[in-house]
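Asks: Residue numbering for the sequence shown follows this note's numbering, beginning at 5 and increasing consecutively. Ideal placement from N, C-alpha and C gives every residue a C-beta, glycine not left out. Bear in mind that the values here come from a model prediction, so they are computed numbers and not experimental data.
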Amino acid sequence: MDLHRVDLNLLVALDTLLAEESVTRAAERLEVGQSAMSGTLRRLRKLFKDPILIKHGRGLVATPYAKSCIIDSLVVSGSAFHPATDQREFTITTNDYVAAVLLRPLLSMLAAEAPHVTLHIEPARDDFAERLRRGDTDLLILPKPQSVDR
């Protein structure tokens, strides 16, 4: 991507689209027409080679790539994570062993340090890779397959 040719206004629109997860609300917030914001979203999709926002139910949600942009921008901007007041929800997909051995101690620490953060633990199913790609799960923890050859 040639950054010298990137319209920096697209980044403002990207930030607003990801925050609102709605073309209409993003357009209202930036005081532009909905068709103009739709055109901006098309340009962003082409620029990043990613859908950025995808339909989910009646609304739109950020793709995993777009979510990674949000995370990267939070890290770069120096926004602090405040566990005591953060109210996010995370979905972790794993097997029973990992849930019992690794996550059980994490849950008690999380309750003390981040009381408003919610963890949803889901069992790993055959479609785990697709769920991760769609953003239905935030973190996948599975044991490394062991080789039978020694």
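Are Leu-48 and Ile-56 close, meaning C-beta to C-beta below 8 Å?
Replies: In the sequence shown, the residue the question calls residue 48 occupies position 44. In the sequence shown, the residue the question calls residue 56 occupies position 52. In contact: Leu-48 and Ile-56 (Cβ atoms closer than 8 Å).
Asks: Can you say whether Met-113 is buried or exposed, counting buried as having 16 or more other CB atoms within 10 angstroms of its CB?
Replies: Taking the first residue of the sequence shown as position 1, residue 113 is located at position 109. Exposed is the call here.
Asks: In this structure, what does DSSP give as the bridge partners for Glu-126?
Replies: As a position in the sequence shown, residue 126 is number 122, starting the count at 1. Looking at the DSSP assignment, Glu-126 forms a beta bridge with Thr-97.
Asks: Mind checking Leu-18: buried by the 16 CB within 10 Å criterion, or exposed?
Replies: If you number the sequence shown from 1, residue 18 lands on position 14. So Leu-18 ends up on the buried side.
Asks: On the CB-based measure, 16 or more other CB atoms within 10 Å of its CB, does Ala-30 come out buried or exposed?
Replies: Residue 30 sits at position 26 when you count from the first residue of the sequence shown. Buried, by the Cβ-count rule.
Asks: Just the Cα atoms here: how many angstroms apart are Cys-73 and Leu-123?
Replies: Taking the first residue of the sequence shown as position 1, residue 73 is located at position 69. Taking the first residue of the sequence shown as position 1, residue 123 is located at position 119. Taking the straight line joining both Cα atoms gives about 22 Å.
Asks: Just checking my contact of Thr-97 with Arg-46 at CB under 8 Å: how many whole Å lie between their CB atoms?
Replies: Within the sequence shown, numbered from 1, the residue matching residue 97 stands at position 93. Within the sequence shown, numbered from 1, the residue matching residue 46 stands at position 42. Actually they are not in contact, since the Cβ atoms of Thr-97 and Arg-46 sit about 32 Å apart, beyond 8 Å.
Asks: Does the distance from the C-beta atom of Glu-25 to that of Val-65 stay below 8 Å?
Replies: Here residue 25 is taken as the residue at index 21 of the sequence shown, counted from 1. Here residue 65 is taken as the residue at index 61 of the sequence shown, counted from 1. In contact: Glu-25 and Val-65 (Cβ atoms closer than 8 Å).
Asks: Measure the C-alpha to C-alpha separation of Thr-20 and Asp-54 and round it to an integer number of angstroms.
Replies: Here residue 20 is taken as the residue at index 16 of the sequence shown, counted from 1. Here residue 54 is taken as the residue at index 50 of the sequence shown, counted from 1. Those two C-alpha atoms are separated by around 17 Å.
Asks: Helix, strand or coil for Val-65? Go by DSSP, reduced to three states.
Replies: For the purposes of this step, residue 65 is taken as residue 61 along the sequence shown, with counting starting at 1. Correct three-state label for Val-65: strand.
Asks: Hey, out of Arg-92, Asn-13, Leu-107, Ala-103, whose CA is closest to Leu-34's CA?
Replies: To locate residue 34, count along the sequence shown from 1; it is residue 30. With distances taken between Cα atoms, Leu-34 lies closest to Asn-13.
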